[in-house]
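Engineer: Handing you a structure now.
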Amino acid sequence: MLDLRMLRNNTADAAAKLARRGGNFDIGKLVAEEDKRQAIQSELDAMRAKLNETSAEIGKLAREKKDATAIKAEMKQLSETIKERENLQRDAEAAVRALALMIPNIPDDSVPLGKSEEENVELRKWGVPRTFDFAPKNHQEIGEKLGILDLKRAAKISGARFALYRGLGAKLERSLMSFMLNTHSAKGYEEVMPPYLVNEKSMTGTGQLPKFEEDLFKIDGGEYYLIPTAEVPVTNIHADEILDGSELTKKFCAFTPCFRREAGSYGKVTAGIIRQHQFNKVELVKLSRPEDSMAELEGLTADAEDILQKLGLPYRVIALCTGDTGFASAKTYDIEVWLPSMGKYVEISSCSNFTDFQARRTGIRFKRDAKSKPEFVHTQNGSGLAIGRTVVAILENYRLLIPLCRFHKPFVLCDVSCRDERVIVNQRRARLSQGVKVGWDEIEKWSKLAGTADGLCYVSVFGFDSEARTEADKAGIRLLEAADFTSFAKKGQYEPKIKAKLCLPNF
RNA sequence: GGAGAGGUGACCGAGUGGUUGAAGGUGAUGGUCUCGAAAACCAUUGUACGGGAAACUGUACCGGGGGUUCAAAUCCCUCCCUCUCCGCCA
């Protein structure tokens, strides 16, 4: 919600800035309604002042045992008039609110002008997208082949746009959740686990309602909505509170499933698990001082990027243009991860600064010190990251053999696999524990052992940073880069049929 | 699901129809005292909207909504929430 006083004082200016989003926003009508509301309010105030004053006199008369029937009758009249006016006032307030809630946030001056996503601006790229000289399979094929993704049965259980992760797929999802939460909470984000059902007030506070009801799942017969993002419950943690300025910036991270109707999105990407009615996400939320909010947005975006860097997934960051920026946001960066099967970057995180827009709706304020007036905080949030899409990116970019990564303290061992999974895993573990160097020979041997006819396998590593490298060295493990992978694949001239198994940490 | 008890300012806690925006305490802020601190003492200390250059001032707010009354934190209805006991359940 925008500041009504600001809108009244700078109507033309605000309208011009809003127009950059495209579309029509009738601020004039809102201002007119607000004027009307204030007029009724003033009139009411005067009437009530009169009533209060006279009532006190009646009290005095009563104590003096004097007659007051005449004034009482008069006041009864006034009292009734006041009630009528109160109805008018309630209507006027509702009208103002209804209009105000439908007007989006004003884009920040730094946001590039544009009508649609075509005009978004790429800011930076990280990593080099891997190229294949064959058409890379998409995550769904890979996942189903590996037996870690079972969309057919998900459809049987629920319907289209639901996922069933199985075995190591389920473990990978869980592992990523922990990895993300651990990474963020180590940077000072308080980890929270909020409710997944919220009331209408919370949804209105963050801006999903009233305008975007058709995107939400509402519990039948109840007053609850399924959250479309953790942003909703987490931002509302401090709703209607006045925080101590020294507490800011407050940082939260939360894992939640997210539920979205995806109504009217049937023209869009539907393959696999890219667009789901239910998906998992780790969300970052900040409450900051106004003057810090843009810097906090940069920091939050960097924190989300850090996850992709640690996973070694190529991505780019784009600045959404005015026409593509979300309803409540003043400025948004999208982080897009490279998906080989699509040959393009796909959104995996959206980081926004909502300035005081959500704070005004939710009533989150702060005091700089004991004497100062309360001010609205600024809110920022972003995914860090959408976990389903992270799995997609891992499957497609790495083709899934993951010898080592560091989601957790206990190393993640991953194996070339196997007819008899246990044999291989056990052998592999034994070798690792003996500090035997693992090279291509070994891997080839294992894959033969595993019964793969061509003896080829994909092996790659993700998520290794210098620390992981050191530890891997200590364990005598050779880390294979993406380049190795590619050349190895070339040698076979065709896609290996080998199965891979992930081995994720024991919890 | 059954039976009770509650929801008052940043916090604790009085208040059952009329100068109560709300006693008292705690905390916080400013000051006196002190070399400094503690203690003590004095003062200040809610939010929103409107009027006013300002001092100041009007109105609303004692969980939400409605009602009774000239007048409601106080009486009535209703909804929400919290707590205790019993039952059931992860």
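Numbered according to my numbering, the first sequence terminates at residue 700, and the numbering increases by one at each position without gaps. Here a beta-carbon is modelled for each residue, glycine too, at the ideal position from N, C-alpha and C. As the structure is a computational prediction, the values presented were derived from the model and not from experiment.
#1: Going by beta-carbon coordinates alone, are Lys404 and Pro300 separated by less than 8 Å?
#2: Pull the bridge partners of Asp437 from the DSSP assignment, please.
#3: Which word fits Ala552, buried or exposed, when buried means at least 16 other C-beta atoms lie within 10 angstroms of its C-beta?
#4: Specify the secondary structure class of Thr572 as computed by DSSP and reduced to three states.
#5: Round the Cβ separation of Thr441 and Phe559 to the nearest angstrom and send it over; I've been treating them as touching at under 8 Å.
#6: My assumption, with CB atoms under 8 Å, is that Ile341 sits in contact with Gly362. Please give the rounded CB distance.
#7: Between which two residues does the alpha helix (DSSP H) carrying Gln231 extend?
#8: Within the same chain, show all residues whose beta-carbon is closer than 8 Å to that of Phe520, passing over the 5 residues directly before and after it, in chain order.
#9: What span of residues does the beta strand (DSSP E) with Glu383 cover, start to end?
#10: So if DSSP puts Phe445 in a beta bridge, which residue, or which two residues, is it bridged to?
#11: Quick one, are the C-beta atoms of Gly577 and Ile466 less than 8 Å apart?
#12: Whole angstroms is fine: what's the gap from Asn280's alpha carbon to Glu226's?
#13: Alpha carbons only, please: which of Gln282, Trp319 and Glu366 is nearest the one belonging to Glu701?
#14: Determine the direct distance from the alpha carbon of His431 to that of Met386, and round the result to whole angstroms.
#15: Just tell me which of Ala347, Phe547 and Leu436 has its CA closest to the CA of Gln471.
#16: From what residue to what residue does the beta strand (DSSP E) around Val314 run?
#17: With 16 other CB atoms within 10 Å as the buried threshold, where does Ser351 fall?
#18: With a threshold of 6 Å on Cβ separation, who are the neighbours of Val585 within its own chain once the five nearest residues in sequence on each side are excluded?
#19: I need the straight-line Cα distance from Ile275 to Ile500, nearest angstrom please.
#20: Please classify Lys330: does DSSP put it in a helix, a strand, or coil?
#21: Count the other C-beta atoms from every protein chain shown that fall within 10 angstroms of the C-beta of Arg198, then say buried if there are 16 or more, exposed otherwise.
#22: Whole angstroms are fine: how far does the CA of Glu310 sit from the CA of Thr702?
#23: Taking 8 Å as the threshold (C-beta atoms), are Thr583 and Leu390 in contact?
#24: Can the beta-carbon of His571 be found closer than 8 Å to that of Ser486?
#25: Quick one: what does DSSP say Ala353 is sitting in, helix, strand or coil?
#26: What is the DSSP secondary structure of Gly516, reduced to helix, strand or coil?
#27: Would you mind working out which of Ile264, Arg256, Ala232 and Leu254 sits nearest Lys243, comparing C-alpha positions?
#28: On a Cα-Cα basis, can you pick out the residue from Met268, Leu504 and Gly575 that is closest to Gly252?
#29: To test your reading of the DSSP string, which unbroken beta strand (DSSP E) runs of 3 or more residues are found completely within the region 256-321?
#30: In chain order, what residues of the same chain have a beta carbon less than 6 Å from the beta carbon of Ala456, not counting five sequence neighbours either side?
#31: DSSP on Gly340, reduced to helix/strand/coil?
#32: Quick one: measure Cβ to Cβ for Glu384 and Cys446, integer angstroms, because I've assumed they're closer than 8 Å.
#33: With DSSP as the reference, please indicate the residues paired to Arg509 in a beta bridge.
#34: May I ask you to check if the CB of Arg553 is nearer than 7 Å to at least one heavy atom of the ligand GDP?
#35: How would you write the range of the alpha helix (DSSP H) that Asn202 sits in, first residue to last?
Structural biologist: Looking at the atomic coordinates:
#1: no
#2: Lys560
#3: buried
#4: strand
#5: For the record, residue 441 in the displayed sequence is Leu; it is not Thr. With 8 Å as the limit, Leu441 and Phe559 qualify as a contact, their Cβ atoms being about 6 Å apart.
#6: Cβ atoms of Ile341 and Gly362 come within 8 Å of each other, at about 3 Å.
#7: Unbroken alpha helix (DSSP H) run through Gln231: Ile220 to Arg256.
#8: Pro297, Asn298, Gly400, Lys404 and Phe405
#9: Glu383 to Val385
#10: Per DSSP, the beta bridge partners of Phe445 are Glu383 and Val478.
#11: no
#12: 15 Å
#13: The structure shown does not extend to residue 701, since the chain is modelled only from 194 to 700, so the question has no answer here.
#14: 15 Å
#15: Per the C-alpha coordinates, the member of Ala347, Phe547 and Leu436 positioned closest to Gln471 is Ala347.
#16: Val314 to Trp319
#17: The Cβ neighbour count for Ser351, taken over all protein chains shown within 10 Å, is under 16; the residue is labelled exposed.
#18: His332
#19: 60 Å
#20: coil
#21: exposed
#22: Lying outside 194 to 700, the shown extent of the chain, residue 702 is not represented and no answer is given.
#23: no
#24: yes
#25: Here DSSP, grouped into helix, strand and coil, assigns Ala353 to coil.
#26: Gly516: coil per DSSP, three-state reduction.
#27: Ile264
#28: Met268
#29: 314-319
#30: Glu407
#31: coil
#32: 6 Å
#33: Secondary-structure assignment with DSSP links Arg509 through a beta bridge to Lys318 and Glu529.
#34: As far as ligands go, the structure on display features none, and thus does not contain the ligand GDP.
#35: Leu197 to Asn202
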